[in-house]
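Q: Numbering-wise, the sequence shown is residues 49 to 256 according to the working numbering.
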Amino acid sequence: MFENREEAARKLAFKIKRTLKEKDYLVVGIIRGGIVLAKIIADYLNTSLYPLIIRKIGAPYNRELAIGAIGPGGIVYWDKELVKRLKINTSYRIDALKEKGKEVKNLEKKFSINKKGLDFRDKRVILVDDGVATGTTVLCAENFLKMQKPKQLILATPVISKESYINMAKYFDNIITLEKPLNFSAVGQFYKDFPQVEDEEVIALMSS
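(1) How would you label Ala234, buried or exposed, when you count the other beta carbons within 10 angstroms and need 16 or more for buried?
(2) Can you tell me the Cα-Cα spacing of Lys218 and Gly183, whole angstroms?
(3) Let me know the alpha helix (DSSP H) ranges lying completely inside the stretch 204 to 239, each 4 residues or longer, listed in chain order.
(4) For Pro99, is the classification buried or exposed, using 16 other Cβ atoms within 10 angstroms of its Cβ as the cut-off for buried?
(5) Could you check which residue in Lys69, Ser96, Ile118, Met195 has the C-alpha nearest to that of Ile102?
(6) Using DSSP's beta-bridge definition, name the partner residues of Gly81.
(7) Using 8 Å as the cut-off, can you tell me whether the stretch 233 to 247 makes contact with the stretch 62 to 73, which would need three or more C-beta pairs spanning the two stretches below that distance?
(8) Roughly how many angstroms separate the alpha carbons of Lys153 and Ser160, rounded to a whole number?
(9) What is the DSSP secondary structure of Phe50, reduced to helix, strand or coil?
(10) Would you be able to state if there are at least three C-beta pairs under 8 Å between the stretch 220 to 235 and the stretch 84 to 92?
(11) Are at least three pairs of beta-carbons, each pair with one atom in the stretch 192 to 209 and one in the stretch 51 to 60, less than 8 Å apart?
(12) Taking 8 Å as the cut-off, decide whether the C-beta atoms of Val250 and Ile123 are in contact.
(13) With H, G and I counted as helix, E and B as strand and the rest as coil, what does DSSP make of Lys158?
(14) Hey, Ile78 and Ile174: beta-carbon distance below 8 Å or not?
(15) Do Leu201 and Leu193 have their CB atoms nearer than 8 Å?
(16) For Lys199, which of helix, strand or coil comes out of DSSP?
(17) So, for Glu227: in the same chain, excluding its five sequence neighbours on each side, which residues have a beta-carbon less than 8 Å away from its beta-carbon?
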């Protein structure tokens, strides 16, 4: 268990530096929780930090259960097996995409994110989040980043479920993590202190 995101980031940064041989990586942090770790990792590696907004799409009767996610430019990832199993209808999916799509645009405006500056073609990219349960959010981010045709795409996270680690290996050139637990219900269970990251903290991190 980690004390907080900051401690997890320092440990993860050390492992990243020890694992990767190349020096020219860019760090991408998923807002909100991931950007806290990404800032520390980017500073440790002395490289650039780029924020990425991905919004989770929850199931109709359990918004914490992610059935999909939407990111920049309307890029969407659906957990097709879960959508089919829960019998999520098309109408709900369309409405959810509209709602979450607006959230992405509003946050991009609030955080002054210039999507034209998100160019990762032929770059080595490290995608950072504070934890991966089902992987819906990071797979949406992966879809967006792969469209940019990076030279290499690494996923770095302090904790990822064993099942997701196995299932997601084919999507990334490497997955760097500290813990791969079998029993995984929520990311917060692996942190002693896991507060919600407020918008003001995100703005402060990106401007520092």
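Beta carbons are placed, not taken as given, at the ideal position from N, Cα and C, and that holds for glycine.
A: In terms of the structure at hand:
(1) Here the question's residue 234 lines up with position 186 in the sequence shown. So Ala234 counts as exposed.
(2) Translated into the one-based positions of the sequence shown, residue 218 becomes position 170. Translated into the one-based positions of the sequence shown, residue 183 becomes position 135. Their backbone Cα atoms lie some 13 Å apart in a straight line.
(3) 210 to 216
(4) Against the sequence shown, residue 99 aligns to sequence position 51. Per the 10 Å Cβ criterion, buried.
(5) Translated into the one-based positions of the sequence shown, residue 102 becomes position 54. Selected option, being the one with the closest Cα: Ile118.
(6) Here residue 81 refers to the residue found at position 33 of the sequence shown. Per DSSP, none; premise fails for Gly81.
(7) no
(8) What you label residue 153 is simply residue 105 of the sequence shown in a count that begins at 1. What you label residue 160 is simply residue 112 of the sequence shown in a count that begins at 1. Near 10 Å, if we compare the C-alpha coordinates of Ser160 and Lys153.
(9) In the sequence shown, residue 50 corresponds to position 2, counting from 1. Here Phe50 sits in strand by DSSP.
(10) no
(11) yes
(12) Position 202 of the sequence shown, counting from 1, holds the residue named residue 250. Position 75 of the sequence shown, counting from 1, holds the residue named residue 123. No, the Cβ-Cβ distance between Val250 and Ile123 is not below 8 Å.
(13) Translated into positions along the sequence shown, residue 158 becomes position 110. Of the three classes helix, strand and coil, the one that applies to Lys158 here is helix, per DSSP.
(14) Your numbering for residue 78 matches position 30 in the sequence shown. Your numbering for residue 174 matches position 126 in the sequence shown. Not in contact: Ile78 and Ile174 (Cβ atoms no closer than 8 Å).
(15) For this step, residue 201 is matched to residue 153 along the sequence shown. For this step, residue 193 is matched to residue 145 along the sequence shown. In contact: Leu201 and Leu193 (Cβ atoms closer than 8 Å).
(16) As a position in the sequence shown, residue 199 is number 151, starting the count at 1. Lys199: coil per DSSP, three-state reduction.
(17) Your numbering for residue 227 matches position 179 in the sequence shown. Within the same chain, Glu227 has close Cβ partners Pro206, Val207, Ile208, Phe238.
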